[in-house]
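Take a look at the structure set out below.
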Amino acid sequence: MTRNPPYDRDTALEAAETLFRHKGYHATSLKDLEVALNMRPGSIYAAFKSKENLFLLALDRYARKEQASLACQLEEGQEALQIVQAHIRAIAAEWAAEEFGGCFLVNTLLEVTPEQDTIRDRAQTLAREVQSAFRDTFQHAIDAGELPADTDPAALAQWYQMQVFGLRVLCSMTLNCADIIDAAESVAQSIENKRAA
0 MTRNPPYDRD TALEAAETLF RHKGYHATSL KDLEVALNMR PGSIYAAFKS KENLFLLALD
60 RYARKEQASL ACQLEEGQEA LQIVQAHIRA IAAEWAAEEF GGCFLVNTLL EVTPEQDTIR
120 DRAQTLAREV QSAFRDTFQH AIDAGELPAD TDPAALAQWY QMQVFGLRVL CSMTLNCADI
180 IDAAESVAQS IENKRAA
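Going by numbering that gives the first Met the number 0, 116 is the number at position 117 of the sequence shown; the sequence numbering is gapless.
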């Protein structure tokens with residue numbers, strides 16, 4: 000009997016993230032996972048315990064990447080407001096390039112049922128953590144003099160996350176590229192308008 004080679008955990012999680020992001024939790028079958036991860040069902044359960052746990056690990060991986068990207072760009076010395084503006088524009092660019100798979104986090108929050116409290120709670124926690132990363136970015140902008148000193152970074156982060164979530168939902172609703180790009184530019188310009196004089 001031919002055996003599948005030993006799996007690489009990060010590669011498997013990346014494949015699961017891509018699959019769940021495009022199909023959602025409910026529409027993803029065990030067969031889908033078997034094909035995407037190139038693992039037998041028994042190996043999947045031995046490695047990840049359950050479909051739900053694999054989903055949670057993939058969701059964690061997705062959210063952590065966004066947080067790490069913001070932090071890394073700040074550490075590289077990029078201007079905080081430009082990082083945020085590039086972030087919102089990148090969502091539109093991804094959609095325009097037909098590479099948009101939807102936002103894994105937003106899709107999960109919309110798909111999850113009241114009975115799936117473990118997934119719902121994790122998604123809500125990760126959304127708060129991403130918002131916290133936005134807050135830290137805006138705080139950096141305040142400290143650097145890019146934003147007025149009296150700016151409330153938490154309120155601005157909440158506003159920005161609402162724009163991001165709204166844009167990502169819009170991306171899943173329309174085929175009009177101009178609408179997506181215009182919406183992203185509107186958010187980027189709103190951020191620019193908040194810049195300290």
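Ideal placement from N, C-alpha and C gives every residue a C-beta, glycine not left out.
Output the distance between the C-alpha atoms of Leu32 and Ala122, rounded to the nearest integer angstrom.
Between Leu32 and Ala122, the C-alpha separation is close to 21 Å.
If we require 4 or more residues per run, which alpha helix (DSSP H) segments fall completely within the region 89-164?
Runs found: 103-110, 116-142.
Going by CA-CA distance only, name the one from Arg8, Pro113, Gly144 that's closest to Arg60.
Nearest C-alpha to Arg60: Arg8.
What does the Cβ neighbour count give for His25, buried or exposed, with the cut at 16 atoms within 10 Å?
His25 comes out exposed.
Just mark Gln157 as buried or exposed, buried being the case when its beta carbon has 16 or more other beta carbons within 10 Å.
That one is exposed.
In whole angstroms, what separates the C-alpha of Ala196 from that of Val129?
In a straight line, the C-alpha of Ala196 is about 28 Å away from that of Val129.
In the DSSP assignment, find the unbroken alpha helix (DSSP H) run with Tyr44 in it and report its ends.
40-47 is the extent of the alpha helix (DSSP H) around Tyr44.
Whole angstroms are fine: how far does the CA of Phe47 sit from the CA of Gly41?
Straight-line Cα distance between these residues: approximately 10 Å.
Spatial neighbours of Val111 within its chain, please: CB distance less than 8 Å, with the 5 preceding and 5 following residues excluded, ordered by chain position.
Answer for Val111: Tyr24, Ile118, Arg119, Ala122, listed in chain order.
Decide if the region 82-97 is in contact with the region 129-146; the criterion is three or more beta carbon pairs, one per stretch, under 8 Å apart.
The region 82-97, when compared against the region 129-146, does touch it at the 8 Å Cβ threshold.
Are the Cβ atoms of Ile180 and Ala35 separated by less than 7 Å?
In this structure, Ala35 does not lie closer than 7 Å to Ile180 by Cβ.
Can you name, in chain order, every residue of its own chain whose Cβ lies under 7 Å from the Cβ of Ala143, other than the five neighbours on each side?
Once the five neighbours on either side are set aside, the close Cβ partners of Ala143 are Ala79.
Whole angstroms is fine: what's the gap from His21's alpha carbon to Leu104's?
One C-alpha to the other measures close to 11 Å.
Would the region 150-165 count as touching the region 65-78 if we require 3 or more Cβ pairs under 8 Å?
The region 150-165 is not in contact with the region 65-78.
From Met0 to Met38, what does the alpha carbon distance come to, in whole angstroms?
Residue confidence is low: Met0 scores 43 on pLDDT, short of 50, so the model does not pin down where it sits. Its coordinate-derived value is still stated next. Going by the C-alpha atoms only, they are around 15 Å apart.
Around the C-beta of Ala187, are 16 or more other C-beta atoms found within 10 angstroms, so that it is buried, or is it exposed?
When all chains shown are included, Ala187 counts as buried.
The alpha helix (DSSP H) that contains Gly76, what's its start and end?
Careful: Gly76 lies outside any alpha helix (DSSP H) and carries neither H nor E.
Does the distance from the C-beta atom of Ala95 to that of Ala57 stay below 7 Å?
In this structure, Ala57 does not lie closer than 7 Å to Ala95 by Cβ.
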